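A.B. asks:
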Amino acid sequence: MVQLVGSLRKELADSLYTCKVLVVGAGGIGCELLKNLVLTGFKNIEVIDLDTIDVSNLNRQFLFQKKHVGKSKAQVAKESVLQFCPSANITAYHDSIMNPDYNVEFFRKFMLVMNALDNRAARNHVNRMCLAADVPLIESGTAGYLGQVTVIKKGLTECYECQPKPAQKTFPGCTIRNTPSEPIHCIVWAKYLFNQLFGEEDADQEVSPDTADPEAAWNPEEATARASASEKDGDVKRVSTKEWARSTGYDPIKLFNKLFKDDIMYLLTMDKLWKKRKAPTPLDWTQLENKGENEGKGNVFLLFISFMNIISLLILNCSSASPQEESPASGLKDQQVLGVWGCCQLFKHSVETLRSELREKGDNAELVWDKDDPAAMDFVTSAANLRMHIFSMNMKSRFDVKSMAGNIIPAIATTNAVIAGLIVLEGLKILSGELESCRTIFLNKCPNVRKKLLVPCVLDPPSKNCYVCASKPEVTVKLNVQKTTVLSLQDRILKERFGMVAPDVQIEDGKGTILISSEEGETEANNSKYLSDFGIRNGSRLQSDDFLQDYTLLINVLHTEELERDVEFEVVGEAPDKAPPPQSNPEEVNSITNGNKDSAQPSTSSKAPADEDDLMIVDSDEEEGAPSSSATVTSGTKRKHSDLDSDKSSTKRPRTDPSAAAGDEDDDIIALD
Amino acid sequence: MIEKEDPIISEEEAAQYDRQIRLWGLDAQKRLRGSRVLLAGLGGLGAEVAKNLILAGVKGLTLLDHEQVTEESCRAQFLVPVSARGQNRAQASLERAQNLNPMVEVHADPGRVEDKPDDFFLQFDAVCLTGCSRDLMVRVDQLCSQHRIKVFCGDVYGYYGYMFCNLGQEYSYVEEKPKVVKPSGDSSDGSGAKKAKVDPNETTMVKKTASFCTLKEALEVDWTTEKAKAALKKTPVDYFLLHVLLKFRTDKGRDPDPQSSEEDGELLRQIRSDVLDALGLSASLLNDDFISYCFSEMSPVCAVVGGVLGQEVVKALSQRDVPHRNFFFFDGRKGNGMVDYFGPN
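In order, the protein sequences belong to chains A and B. Using the UniProt record's numbering, you'd call the opening residue of the first sequence number 1 and step up by one each time. Using the UniProt record's numbering, you'd call the opening residue of the second sequence number 1 and step up by one each time.
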């Protein structure tokens, strides 16, 4: 019988006393994780989080109380933990992990790094830092009832970026501008509108009708004519949205009539669009006003009915614990769906509020979209709903619009508690030197056919072609050298797509021409120039480095003039249907709707196929596709078929590959297929 | 019983519970808000369950524990302050528990479960027992289910843990299913019109029922029948491990103690053989492996089991979503979490 300290063997318990670990994030998972770590016996913990505490965190981030709202998460987390474990040695950083201060040397201090993040950019970054420092990383994520934990160890397992992650979902410009068919299109449009009117104008966030819509043309000649006309027009239009609004003094009624009447009437002239679609119906402020006032008298009556509904519901619900039904009469205020006139009034009111906010900020001021700013949220709610109404869609409550516009991921304490527990268990295996027993573990909502609610899967080895952890990572990017600017290369391709934080780029032209320097200002003059201006053409190679991440990526340029509309570049070998069944990232579901993060990416215009789940329960009476509440998934890693927990199944390997069934805990593997 | 629902959710609640209302809906939140729960045992697992239920926003939670705070307790759970040595564990946990969510009525009761009169339990909608002996759990389960009170049991032993529930013989709940919209026969509008009206995220609530057996029935499965023997292959051995650990608890009045790991290990080995023998099963069903891994309540295992158990209580109180029927077993060494049914068919 070995010597035990609590549940642990003595050597393990002793090592916990001396080792240093890093927790990245002090939110839902982070709070639970910190608690588990100190109770398990970890003594030296560093925690970092750039965020402050919000009241909506309090349903799960239990280290925080109401009085802490507004304070630093990392800081308060540390203080709370010390309350129940005063002997713990905790260092808190109220900072971004992407700050260059946290270099490879910083990461080398730790025996273990655990992510408790909510965004892909940071995950990519920490992934690279841990590879560079050769420190084991435990990655995790949760969304609603679902969760996942996995272990990343350089050379032994896949890194976070080995498997292509589904690109953040985007919508084609013409869908947003001309032919919305779903509420989300209208919400995206409304957020673009917010930026065009009050925030930072963005060429990729146009809201006016798109005359160059290829669908609008009856024949190819017309399409060409439209395209060139739009290009000429384009410049004029781009300048004028905000300018025009300014010229009217942000008059809400004028704005209303332009957006919801004139522009719609223009769309109606593009008759081919409406041949197979229901045509939009323009709105007129004055008409609605007259109608609205008459309805106002009806509202008192409606209130009375609602009151009666409440009474009867009380009577009904008293009796037994019967399964509930949705009772709209007693919903949250925000869950009411407004009528058209209600939206009009909300629109007018929010424009006026935003107008004064803008004026208060001074000349050339810009507002930043924030889902928690009431006027901004009112504006998007009303504008989106008016547009939905115009396009014959059922309107949505502010509550629902906020979910979609703000990319809100529902979250609860219990899921985070389970995942954080699993993280520590994996951590203990790592510290015991038992890496081969580490697993990826999925938390499902319901047990699978093999009765598993928690499904452990063997870890995959690194991908040979990984553009991050392969020995000499290389990619081929298809783009138009005459139309891609240096700035675009830096921001869209290197930073957004390839996760670099501070790229340095050299052209492999024998002269080592420096195209982009991470030093501020050094290559700013290059930004607006096109790649072709530097002699870059088909077959050119660009060496891109991020020194902080200790990462070098060689980019092969494939020049093309045939990219899809709204698509600026394509990474070769990663066409959307090659990516694993896309499950939206919990943290950035529809990130296109988050105006700030500028995910209105022209990088791809294909919609990810929806509802394709190989992640959920294969239960005979379950329908295909998980219920909406659990539709989102964790951290984007491909979820393996839950029946084949021990099979290293992936898009690359056949499921019945016998070598995949490595010795592990399941000796009753059922090979489907 | 679940109290009369107040249809009004305050602004404070709406703001604080926003992220969970978006997941399980307003009605579920209201039902939680009308529920009272009894939690027995404030060890590692108990503290996790307490946290989860308080954060979820139940109406009231009573913490029942007769034990005193020891040095071990401070390491085991996060509600008890280090200065509380010698105090009653429930009372010492009260302040921190209450601070988790001032909107919940948290009470501390220093009494013993076994001393409580029958009608004590009747004030609760759900009862959750941790750290209790087998006989006590069976008795309370019997009493509560007669009165349609939902019963949950759970424990953590080192790397292993389990949860059991009895929601009654006729438990009804709702399940959210994606709405299947039949395409309209009218083609004159074209496909666009159809799509424009249907929200792909629309769901519908479907009513269902499930039946649960008592703990006594669940633990007294007859393994000597042919059917049972055939099912054995797919049966998680954790079920038998549970029997062993419950017997240890009954015989010794405590759980395996790291301080006496040598003797306790021996005893566990013996009990394993006795238990399997009594069930008419081979001793090889459960090998020696588990013995060194079932000491003390491991914090991360408490977190996992407490998370699953906590969520089951939330589901049962809100009568929403398919309940796990009727055991959940967690093996912290393998990372396996399994749900299985034990009891009469």
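Where a beta carbon is used, it is the ideal one built from N, C-alpha and C, also for glycine. Owing to the predicted nature of the structure, the values given are computational and were not obtained by experimental measurement.
Check for me: the beta strand (DSSP E) holding A/L454 runs from which residue to which?
C.D. replies: That run of the beta strand (DSSP E) goes K452 to V458.
A.B. asks: Taking contact to mean 3 or more Cβ pairs, one atom from each stretch, closer than 8 Å, check whether the region 299–314 of chain B and the region 412–421 of chain A are in contact.
C.D. replies: Yes: the two stretches touch, three or more of their Cβ pairs being nearer than 8 Å.
A.B. asks: Excluding sequence positions up to five away, which residues of its chain have a Cβ less than 6 Å from the Cβ of A/M500?
C.D. replies: Here the set comprises L494 and D546.
A.B. asks: Pick helix, strand or coil for A/Q168, following the three-state DSSP scheme.
C.D. replies: A/Q168 falls in the coil class under three-state DSSP.
A.B. asks: With a cut-off of 8 Å on the beta carbons, I'd call A/A384 and A/A245 a contact; round off their distance for me.
C.D. replies: Contact flag wrong, Cβ pair sits at about 18 Å.
A.B. asks: Apart from the five residues just before and just after A/N103, which ones in its own chain have a Cβ nearer than 7 Å to its Cβ?
C.D. replies: If we look at A/N103 and ignore the five residues flanking it on each side, its Cβ neighbours are L548.
A.B. asks: In or out: B/Y157 buried (at least 16 other Cβ within 10 Å) or exposed?
C.D. replies: Classification of B/Y157: buried, given that the 10 Å Cβ count is 16 or more.
A.B. asks: Can you grab the Cα-Cα spacing for the pair B/R112 / B/E67, in whole Å?
C.D. replies: Spanning the two alpha carbons is a distance of roughly 9 Å.
A.B. asks: Keeping to the same chain, check which residues put their C-beta closer than 8 Å to that of A/T18; ignore five residues upstream and five downstream.
C.D. replies: So the list reads K43 and N44, once near-sequence residues are dropped.
A.B. asks: Report yes if the C-beta distance between B/D115 and B/A90 is below 8 Å; otherwise report no.
C.D. replies: No, Cβ-Cβ distance for B/D115 and B/A90 is not below 8 Å.
A.B. asks: Please tell me whether A/I390 and A/I264 are closer than 8 Å, where the distance is taken between their beta carbons.
C.D. replies: Yes, the Cβ-Cβ distance between A/I390 and A/I264 is below 8 Å.
A.B. asks: Check whether the region 275–288 of chain B and the region 153–167 of chain B touch, using three or more Cβ-Cβ pairs below 8 Å as the test.
C.D. replies: Short answer: they don't touch.
A.B. asks: Quick one: which chain A residues come within Cβ less than 8 Å of B/L23?
C.D. replies: Per Cβ cutoff of 8 Å: G144, Y145, P410, A411, I412 and S629.
A.B. asks: By how many angstroms is the C-alpha of B/G253 removed from the C-alpha of B/S292?
C.D. replies: Distance between the alpha carbons of B/S292 and B/G253 is about 19 Å.
A.B. asks: Roughly how many whole angstroms lie between the Cα atoms of A/C466 and A/V151?
C.D. replies: The straight-line gap from Cα to Cα measures roughly 17 Å.
A.B. asks: Spell out whether any CB of chain B is found under 8 Å from the CB atom of A/V69.
C.D. replies: Judged by the 8 Å Cβ criterion, A/V69 is not in contact with chain B.
A.B. asks: Starting from A/P503, trace the beta strand (DSSP E) both ways and give me its first and last residue.
C.D. replies: That run of the beta strand (DSSP E) goes P503 to I507.
A.B. asks: Quick check: what's the CA-CA separation for A/S319 versus B/S172?
C.D. replies: Low local confidence applies: a pLDDT of 41 at A/S319 is under 50, so the model's placement there is unreliable, and no value is given.
A.B. asks: In this structure, does DSSP put A/N556 in helix, strand or coil?
C.D. replies: Strand.
A.B. asks: Excluding sequence positions up to five away, which residues of its chain have a Cβ less than 7 Å from the Cβ of B/L241?
C.D. replies: Excluding sequence neighbours, B/L241 sits near Y160, L286 and F290.
A.B. asks: Please check the pair A/G28 and A/R60, which I expect to be a contact at CB under 8 Å, by giving their CB distance rounded to whole angstroms.
C.D. replies: Yes, A/G28 and A/R60 are in contact; Cβ-Cβ is about 5 Å, under 8 Å.
A.B. asks: Less than 8 Å separating the beta-carbons of A/V38 and B/P258?
C.D. replies: For A/V38 and B/P258, no; Cβs fall outside 8 Å.
A.B. asks: Short of 7 Å Cβ to Cβ, which residues in the region 262–278 of chain B face chain A?
C.D. replies: Per Cβ criterion, the list reads E262 and G265.
A.B. asks: Spatial neighbours of A/D378 within its chain, please: C-beta separation below 6 Å, excluding the five flanking residues on both sides.
C.D. replies: Excluding sequence neighbours, A/D378 sits near L346 and S350.
A.B. asks: By DSSP's criteria, B/F327 is part of a beta bridge. Which residues make up the other side?
C.D. replies: Answer is B/F164 and B/D340.
A.B. asks: Does DSSP put residue 675 of chain A in a helix, a strand or coil?
C.D. replies: For chain A, the structure presents residues 1 to 673; residue 675 of chain A sits outside this window and is missing.
A.B. asks: In this structure, how does DSSP classify B/K208 when only helix, strand and coil are distinguished?
C.D. replies: Strand, per DSSP.
A.B. asks: Have a look at the DSSP bridge pairing and note the partners of residue 720 of chain A.
C.D. replies: Shown here, chain A extends from 1 to 673; a query on residue 720 of chain A therefore has no answer.
A.B. asks: Would you tell me roughly how many angstroms separate the C-alpha atoms of B/Q29 and B/V174, rounded to the nearest one?
C.D. replies: C-alpha separation (whole angstroms): 14 Å.
A.B. asks: Please name the residues in the region 433–447 of chain A whose beta-carbon is closer than 7 Å to at least one beta-carbon of chain B, in chain order.
C.D. replies: Those residues of the region 433–447 of chain A that come within reach of chain B (Cβ to Cβ, closer than 7 Å) are R439, I441, C446 and P447.
A.B. asks: For A/R60, return the contacting residues in chain B, with the cut-off set at a CB-CB distance below 9 Å.
C.D. replies: Here the neighbours are R19, Q20 and L55.
A.B. asks: Sort A/S356, A/S382, A/P456 and A/L63 by Cα distance to A/G342 and report the nearest one.
C.D. replies: The candidate whose alpha carbon is nearest that of A/G342 is A/S382.
A.B. asks: Can you tell me the Cα-Cα spacing of B/G131 and B/G41, whole angstroms?
C.D. replies: Approximately 6 Å between the Cα atoms of the pair.
A.B. asks: Can you name the residues of chain A whose CB is closer than 7 Å to the CB of B/A231?
C.D. replies: Those do not exist, as B/A231 stays about 12 Å from chain A at its closest Cβ, beyond 7 Å.
A.B. asks: Can you find a C-beta in chain A that's less than 8 Å from the C-beta of B/F295?
C.D. replies: Yes, its Cβ sits closer than 8 Å to a Cβ of chain A.
A.B. asks: Enumerate in chain order the residues of its own chain whose CB-to-CB distance from A/V340 is below 7 Å, with the five nearest sequence positions on each side excluded.
C.D. replies: Only L288 and H389 meet the Cβ criterion.
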